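Those sequence lines, one after another, are chains A and B.
Going by my numbering, the first residue of the first sequence is number 1, and it counts up by one from there.
Going by my numbering, the first residue of the second sequence is number 348, and it counts up by one from there.
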Amino acid sequence: MAEIQIKNVAKRFGEYQALSDINLTIADQEFMVLLGASGCGKSTLLRIICGLETATEGEVWIGGRRVDHLAPKDRGIAMVFQNYAVFPHLTVFENIGFGLRMQKQPNDEVKRRVERTAELMHIEQLLGRYSGELSGGQRQRVAVARALAMEPDVILMDEPLSNLDALLRLEMRAELKGVLAESNTTAIYVTHDQVEAMSLADRISVMHQGRIVQAATPVEVYRNPAERFVAGFIGNPPMNFLPANRADAGKWTVAGQTYDGPHAADGSVEFAIRPEDIAPAESGLPAKVRLIEPLGAHLLVTCDVDGTMFRAVLESDLELKTGEIINLAPHADRIRWFDKSTQQAVA
Amino acid sequence: MSDATVSEIALPRAPGKAGRYVYISGVVLLCAWVLIPLYLLLVNTLSSPETVNSFPKSFIPEFDLGSLEFFTGFSGMLVALKNSIIVAAITMVLSILIGAPAGYALSRFDFRGKELFRLLILLTRAFPLPLLALPLAVLFIRTGLDDTAFGLALVHTTLAIPFSVLITFSLFSGIPIELEEAAWTLGCNRVTAFQKVVLPLILPGITASAIFAFVISWNEVFAAAVLTIENRTLTAFLLQTLSESPLHLKFAGGFILVVPALIFIFAVRKYLFAMWGIANR
Numbered sequence: 001m002a003e004i005q006i007k008n009v010a011k012r013f014g015e016y017q018a019l020s021d022i023n024l025t026i027a028d029q030e031f032m033v034l035l036g037a038s039g040c041g042k043s044t045l046l047r048i049i050c051g052l053e054t055a056t057e058g059e060v061w062i063g064g065r066r067v068d069h070l071a072p073k074d075r076g077i078a079m080v081f082q083n084y085a086v087f088p089h090l091t092v093f094e095n096i097g098f099g100l101r102m103q104k105q106p107n108d109e110v111k112r113r114v115e116r117t118a119e120l121m122h123i124e125q126l127l128g129r130y131s132g133e134l135s136g137g138q139r140q141r142v143a144v145a146r147a148l149a150m151e152p153d154v155i156l157m158d159e160p161l162s163n164l165d166a167l168l169r170l171e172m173r174a175e176l177k178g179v180l181a182e183s184n185t186t187a188i189y190v191t192h193d194q195v196e197a198m199s200l201a202d203r204i205s206v207m208h209q210g211r212i213v214q215a216a217t218p219v220e221v222y223r224n225p226a227e228r229f230v231a232g233f234i235g236n237p238p239m240n241f242l243p244a245n246r247a248d249a250g251k252w253t254v255a256g257q258t259y260d261g262p263h264a265a266d267g268s269v270e271f272a273i274r275p276e277d278i279a280p281a282e283s284g285l286p287a288k289v290r291l292i293e294p295l296g297a298h299l300l301v302t303c304d305v306d307g308t309m310f311r312a313v314l315e316s317d318l319e320l321k322t323g324e325i326i327n328l329a330p331h332a333d334r335i336r337w338f339d340k341s342t343q344q345a346v347a
Numbered sequence: 348m349s350d351a352t353v354s355e356i357a358l359p360r361a362p363g364k365a366g367r368y369v370y371i372s373g374v375v376l377l378c379a380w381v382l383i384p385l386y387l388l389l390v391n392t393l394s395s396p397e398t399v400n401s402f403p404k405s406f407i408p409e410f411d412l413g414s415l416e417f418f419t420g421f422s423g424m425l426v427a428l429k430n431s432i433i434v435a436a437i438t439m440v441l442s443i444l445i446g447a448p449a450g451y452a453l454s455r456f457d458f459r460g461k462e463l464f465r466l467l468i469l470l471t472r473a474f475p476l477p478l479l480a481l482p483l484a485v486l487f488i489r490t491g492l493d494d495t496a497f498g499l500a501l502v503h504t505t506l507a508i509p510f511s512v513l514i515t516f517s518l519f520s521g522i523p524i525e526l527e528e529a530a531w532t533l534g535c536n537r538v539t540a541f542q543k544v545v546l547p548l549i550l551p552g553i554t555a556s557a558i559f560a561f562v563i564s565w566n567e568v569f570a571a572a573v574l575t576i577e578n579r580t581l582t583a584f585l586l587q588t589l590s591e592s593p594l595h596l597k598f599a600g601g602f603i604l605v606v607p608a609l610i611f612i613f614a615v616r617k618y619l620f621a622m623w624g625i626a627n628r
């Protein structure tokens, strides 16, 4: 049982505020992904949980035990590093067994667990090799096996797939998900790749400028972004934003069309819609087609709506010409609204 | 990015014809620079006194071992050789014991004045030894360190430390901190992580740096000549005795000085390459 609680954690490097007021609870056996652009503090947070970095303020609890004063080795965690950190002077076998040897496990136990995890990661034929004789993907497997062999309560991964080529990354991603689901460990996974985050996570914590902006399931983060930043960060292409003017109570005018919007907001709000939640219709947002990119299954159409760039993912059998003006109707239940001053979602 | 890397890597492999000539002649020149003096030394050492002093010079050794035999029977010779080895060995051990922790600290920790410290280490080489010789001699006589192998080794250690610090600094910097961090997460503390991960990886480099210290001590003559009288090292001993000897004995003495250093470096050349980052497994 290893629930992780992060309470009021802050980190300053001199004047620079790397993390501020982080509160996060990760359930036992949950797969949590920390997602954000580089420099958002996600790796720092991971290193604080790991114990490689100390928080300036706040507490870290793992499995009901306060750990922020403990050394990494006493926290019941294992870590997979971005550059693998496979020890070059040891064979794959000794790399995987390194932690077990440090725990002074008997030889046959080390052998049993090394062989089991090696089999799990499909590297049993590499046990006698050195890291210099391995490819990047194989090193990655060794690094994961080394972490799993510890049978940790929590496994921490810092962009573990980012050094692999695209095809291998897809393969490893699926494999990691399966292996970790079986191992019953709590996992925290840092990445800047939203597709990776979406496909792996039970929950995603989107981080921005040292804060957790939203922590929710992938679908929730995608459908109901809590902040304008999340809406613009998640999704490829990201959400479209259009300025809105108040027409009446709960009614807003967007590019000449009126839509039902938030009641309470008296300030200005923005209209937001995902590119795939739009369909051509008799009446809708007037859009001038600028660019048509056929993507096979869909057309990615870049248009000009009310002087703002607007993207739509449309059916590929549509016949469109650049310069043409079409009407695009958003699905009413997929429209989101963001307060322009607080950047928060408003309903 | 990958395009650029490919062409950068490919360039030195295909330098063109002119480039290849320059390359080959450069290699030949460098080899000659080192080998010709050594060869002349060998020829003259293995020649009879008459041949050494005659003209024109012969470039084929006669295998006359007379000069060398003279040295083996020379009193004090073996004692001086022993002293040289003792002093160089102490220098080697001390310079690593002091230099390696400094190199580790420089590469792993951030502290105020780090850059200045690195500069100061080099500056210790800026003081000419002759300037320090008299005060050092006085100090050594007062503390009773004069004419001892240990005292001389201390001086040689100060000469060798800048190198051992900077060499080990680059060695430690070449080891990704993640390897240590991985060890910490796998049950090591700072000390055991160093033992299990860092030490095995830098051992070749440490050896190279130690050998460098050994050779510095072996070749040092000024401090050795000033600070010792009875317990002279080989260099100081030969300098003293050879200044008035005939030419053929000078050649033989030089030969005796050069050969151990050469054998030593040859034996550990693998580690020297490791030090320059060539044979990084």
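Ideal placement from N, C-alpha and C gives every residue a C-beta, glycine not left out.
Being a predicted model, the structure only gives us computed values, none of them experimental.
Asked, Found
"Count the other C-beta atoms from every protein chain shown that fall within 10 angstroms of the C-beta of A:H263, then say buried if there are 16 or more, exposed otherwise.", "exposed"
"Measure the alpha-carbon distance for A:H122 versus A:R141 and round it to whole angstroms.", "8 Å"
"I think A:D153 touches A:G63, with their Cβ atoms under 8 Å apart; what is that distance to the nearest whole Å?", "6 Å"
"Taking all protein chains shown into account, decide if A:H69 is buried (16 or more other Cβ within 10 angstroms of its Cβ) or exposed.", "exposed"
"Where do the ends of the beta strand (DSSP E) carrying A:R12 lie?", "I4 to F13"
"Checking contacts by CB at 8 Å: is A:A281 closer than that to chain B?", "no"
"Among all the DSSP beta bridges, which residues are the ones paired with A:F241?", "A:A272"
"Find out if the Cβ-Cβ distance for the pair B:I612, B:S556 is shorter than 8 Å.", "no"
"Nearest-angstrom Cα distance between B:A357 and B:F519?", "Because the pLDDT at B:A357 is just 45, under 50, the model does not fix this residue reliably, and the value given afterwards should be weighed accordingly. Distance between the alpha carbons of B:A357 and B:F519: 30 Å."
"Within the 8 Å Cβ cut-off, does B:V544 reach chain A?", "yes"
"Exposed or buried, which one is A:E171 when buried takes at least 16 other CB atoms within 10 Å?", "exposed"
"According to DSSP, simplified to helix, strand and coil, what is B:F611?", "helix"
"Is the CB-CB distance between A:T44 and A:K73 below 8 Å?", "no"
"Touching or not, the stretch 276-283 of chain A and the stretch 324-339 of chain A, by the rule of three or more beta carbon pairs under 8 Å?", "yes"
"So, is the C-beta of B:T515 closer than 8 Å to a C-beta in chain A?", "no"
"Should the stretch 442-449 of chain B be regarded as contacting the stretch 501-513 of chain B, the criterion being three or more beta carbon pairs within less than 8 Å?", "yes"
"Of all the residues that make up the stretch 519-545 of chain B, which are near chain A by a beta-carbon distance shorter than 8 Å?", "P523, E525, L526, E528, A529, A530, W531, T532, L533, G534, C535, N536, T539, K543 and V544"
"Which chain A residues are close to B:P547, counting only those with a beta carbon under 7 Å from its beta carbon?", "H89"
"Closest by CA to A:P275, which one among A:A332, A:C40 and A:F310?", "A:F310"
"Nearest-angstrom Cα distance between B:L589 and B:L581?", "11 Å"
"From the DSSP output, in three-state form, read off B:H503 for me.", "helix"
"Report the residue ranges of all alpha helix (DSSP H) runs contained in full by the stretch 116-168 of chain A; include only those spanning at least 4 residues, in chain order.", "136-149"
"Around the Cβ of B:T504, are there at least 16 other Cβ atoms within 10 angstroms (buried) or fewer (exposed)?", "buried"
"Under 7 Å Cβ-Cβ, which residues of chain B neighbour A:P72?", "W531 and T532"
"Can you confirm whether A:Q138, when its beta carbon is compared against all beta carbons of chain B, has any partner nearer than 8 Å?", "no"
"What residue range does the alpha helix (DSSP H) around B:S431 cover?", "M424 to R455"
"Would B:I407 be called buried (16 or more neighbouring beta carbons within 10 Å of its own) or exposed?", "exposed"
"Leaving aside the five residues before and after A:I292 along the sequence, list all residues of the same chain whose C-beta is less than 7 Å from its C-beta, in chain order.", "L299, V301, L320 and T322"
"Just to confirm, is the Cβ distance from B:F699 to B:L453 under 8 Å?", "Lying before the first or after the last residue shown, residue 699 of chain B is absent from chain B, which here runs from 348 to 628."
"Classify A:E293 as helix, strand or coil using the three-state DSSP reduction.", "strand"
"Tell me the DSSP secondary structure of B:R537 in three-state form.", "helix"
"Measuring CB atoms only, is the stretch 15-25 of chain A touching the stretch 189-197 of chain A, in the sense that at least three cross pairs come out at less than 8 Å?", "no"
"At which residues does the alpha helix (DSSP H) containing A:P330 begin and terminate?", "Taken as a continuous stretch (DSSP letters only), A:P330 belongs to no alpha helix (DSSP H), being part of the beta strand (DSSP E) at I325 to P330."
"Taking A:S20 as part of the alpha helix (DSSP H), name the residues at either end of that continuous run.", "Note, A:S20: premise wrong, no alpha helix (DSSP H); beta strand (DSSP E) at Y16 to I26."
"Alpha carbon to alpha carbon, how far is A:R139 from B:L469?", "40 Å"
"Can you name, in chain order, every residue of its own chain whose Cβ lies under 7 Å from the Cβ of A:C303, other than the five neighbours on each side?", "A287, K288, V289, R290, F310 and A312"
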